[in-house]
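Below is one structure, written out as structure tokens; comments come after it.
Numbering (the working numbering), first residue to last: 587 to 829.
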């Protein structure tokens with residue numbers, strides 16, 4: 587899936603020369619935590635977020651440091667912080683270095699970009715023009731669409747088991763040699779043993795994601811590789827219905 591499939595367009599943006607009060611009102615009205623900032627030609631020049639208004643002179647939250655520390659840091663840092671806490675225009679408080687993507691970018695790359703830079707939104711550009719934005723909410727909506735697909739035709743037990751075994755063989759963590767899956771009317775019974783309890787949960791999740799599975803019964807035994815102790819699943823957790 588690509589950015590063009592999930593991005594929000596048109597984008598709510600704010601002009602770089604607009605007063606910060608306008609940016610704040612837009613964020614409150616639209617219930618969003620950040621805005622792309624554009625110039626009169628519609629080119630992206632920055633981003634302004636709630637975080638840019640945390641340290642403001644009006645609320646008495648501006649950055650304060652001991653004199654000796656300000657001396658060591660030099661006047662430039664203090665001057666920059668003063669502009670940020672006292673500036674009246676969006677251009678004076680916005681973040682100028684912005685991570686962007688284009689419409690053909692894969693969502694996997696967008697997620698990696700968000701994680702790597704600890705950001706919640708990524709503007710989408712066509713050349714220099716702002717044409718959309720991808721936020722975490724966009725990604726959640728895309729996820730929901732995948733989790734509630736259109737009704738699929740019924741799948742036989744043999745086909746379900748074949749799909750499960752195929753998935754098991756594709757995962758490096760899966761104990762293929764010690765686990766089996768029996769399917770009866772869409773209900774899968776996992777039997778055999780695992781050497782790590784985390785494999786038990788992963789196996790159940792893997793099976794639940796196979797089309798046609800109605801429920802998973804856990805008959806797996808955990809064998810402690812050090813002591814040889816065997817532990818069966820608790821009865822209340824043995825059966826899990828797929829939602």
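Note that the Cβ used here is the ideal one computed from N, Cα and C, for glycine as well. This structure is a prediction, so every number in the text was calculated from the model and none was measured.
Ordered list of beta strand (DSSP E) runs contained in the stretch 653 to 728, each at least 3 residues: 707 to 712, 715 to 721
Contact set for residue 692: own chain, Cβ-Cβ below 7 Å, skip 5 residues either direction: Position 106 of the chain shown, counted from the start, is the residue given in the question as residue 692. Counting only Cβ-Cβ distances below 7 Å, and skipping sequence neighbours, we find 588.
For residue 804, the first and last residue of its enclosing alpha helix (DSSP H): Numbered from its first residue, the chain shown carries residue 804 at position 218. Unbroken run through residue 804 is the beta strand (DSSP E), 801 to 809; no alpha helix (DSSP H).
For residue 775, the three-state DSSP class (helix, strand or coil): Along the chain shown, one-based indexing puts residue 775 at 189. In the structure shown, residue 775 sits in a strand (DSSP, three-state: E or B).
When 659, 686, 758 are compared against residue 700, the one with the closest alpha-carbon: Locating residue 700 in the chain shown gives position 114, where the first residue counts as 1. Of the candidates 659, 686, 758, the one whose C-alpha sits nearest the C-alpha of residue 700 is 686.
Close Cβ partners of residue 682 (< 6 Å) along its chain, the five nearest in sequence each way excluded: Stepping through the chain shown from its first residue, residue 682 is reached at position 96. Only 632 meet the Cβ criterion.
Distance CB(residue 684)-CB(residue 720) smaller than 8 Å: In the chain shown, counting from the first residue as 1, residue 684 sits at position 98. In the chain shown, counting from the first residue as 1, residue 720 sits at position 134. Result no, Cβ atoms of residue 684 and residue 720 do not sit closer than 8 Å.
Where the alpha helix (DSSP H) through residue 746 begins and ends: Counting from one through the chain shown, the residue named residue 746 turns up at place 160. Residue 746 -> alpha helix (DSSP H) spans 743 to 756.
Rounded C-alpha distance that separates residue 593 from residue 742: Locating residue 593 in the chain shown gives position 7, where the first residue counts as 1. Locating residue 742 in the chain shown gives position 156, where the first residue counts as 1. Between residue 593 and residue 742, the C-alpha separation is close to 38 Å.
Residue from 707, 702, 712 whose Cα sits closest to the Cα of residue 690: Counting from one through the chain shown, the residue named residue 690 turns up at place 104. Nearest C-alpha to residue 690: 712.
Per-residue burial, residue 671 [other beta carbons within 10 Å of its own, 16 or more giving buried]: Taking the first residue of the chain shown as position 1, residue 671 is located at position 85. It is buried - the Cβ of residue 671 has at least 16 other Cβ atoms within 10 Å.
Within-8 Å CB hit, residue 812 to chain E: Although the question refers to chain E, the structure presented lacks it and comprises just one protein chain.
Nearest-angstrom Cα separation, counted from residue 761 out to residue 638: The residue you call residue 638 lines up with position 52 of the chain shown. The residue you call residue 761 lines up with position 175 of the chain shown. Looking at the two C-alpha atoms, the distance is approximately 50 Å.
Inter-residue CB distance, residue 792 and residue 757 (contact presumed, cutoff 8 Å): Taking the chain shown and counting its residues from 1, the one referred to as residue 792 is at position 206. Taking the chain shown and counting its residues from 1, the one referred to as residue 757 is at position 171. Right, the Cβ-Cβ distance comes to about 7 Å (below 8 Å), so this counts as a contact.
Nearest residue (CA-CA) to residue 805, options 780, 799, 706: As a first step, residue 805 is located in the chain shown; it is residue number 219 there, counting from the start. Ranking the options by Cα distance to residue 805, first place goes to 780.
Exposure label - residue 784; buried when at least 16 CB within 10 Å: Residue numbering aside, residue 784 sits at position 198 when the chain shown is read from its first letter. So residue 784 ends up on the exposed side.
First through last residue of the alpha helix (DSSP H) which encompasses residue 786: As a working mapping, residue 786 is identified with position 200 in the chain shown. From DSSP, the alpha helix (DSSP H) with residue 786 extends over 783 to 794.
Cβ-Cβ distance between residue 746 and residue 802 below 8 Å: By 1-based counting over the chain shown, the position of residue 746 is 160. By 1-based counting over the chain shown, the position of residue 802 is 216. Their beta carbons are not under 8 Å apart, which means residue 746 does not touch residue 802 by this criterion.
Cα-Cα separation between residue 656 and residue 649, rounded to whole angstroms: In the chain shown, residue 656 corresponds to position 70, counting from 1. In the chain shown, residue 649 corresponds to position 63, counting from 1. Approximately 11 Å, taken between the alpha carbons.
Option in 814, 755, 772 with minimal Cα separation from residue 789: Counting from 1 along the chain shown, the entry for residue 789 is found at position 203. The candidate whose alpha carbon is nearest that of residue 789 is 755.
Cβ shell of residue 705 (< 8 Å), same chain only, five flanking positions each side left out: For this step, residue 705 is matched to residue 119 along the chain shown. Scanning its chain for C-beta atoms nearer than 8 Å, with the 5 sequence neighbours on each side dropped, one finds around residue 705 the residues 685, 699, in chain order.
Simplified DSSP state of residue 638, which is helix, strand or coil: Here residue 638 corresponds to residue number 52 of the chain shown, with the count starting at 1. Taken through DSSP and simplified to helix, strand or coil, residue 638 comes out as helix.
Beta-carbon proximity of residue 602 to residue 621, cut-off 8 Å: Residue numbering aside, residue 602 sits at position 16 when the chain shown is read from its first letter. Residue numbering aside, residue 621 sits at position 35 when the chain shown is read from its first letter. Their beta carbons are not under 8 Å apart, which means residue 602 does not touch residue 621 by this criterion.
Pairwise C-alpha distance: residue 679 and residue 723: Indexing the chain shown from 1 puts residue 723 at position 137. Indexing the chain shown from 1 puts residue 679 at position 93. Each residue's Cα considered, the two are about 25 Å apart.
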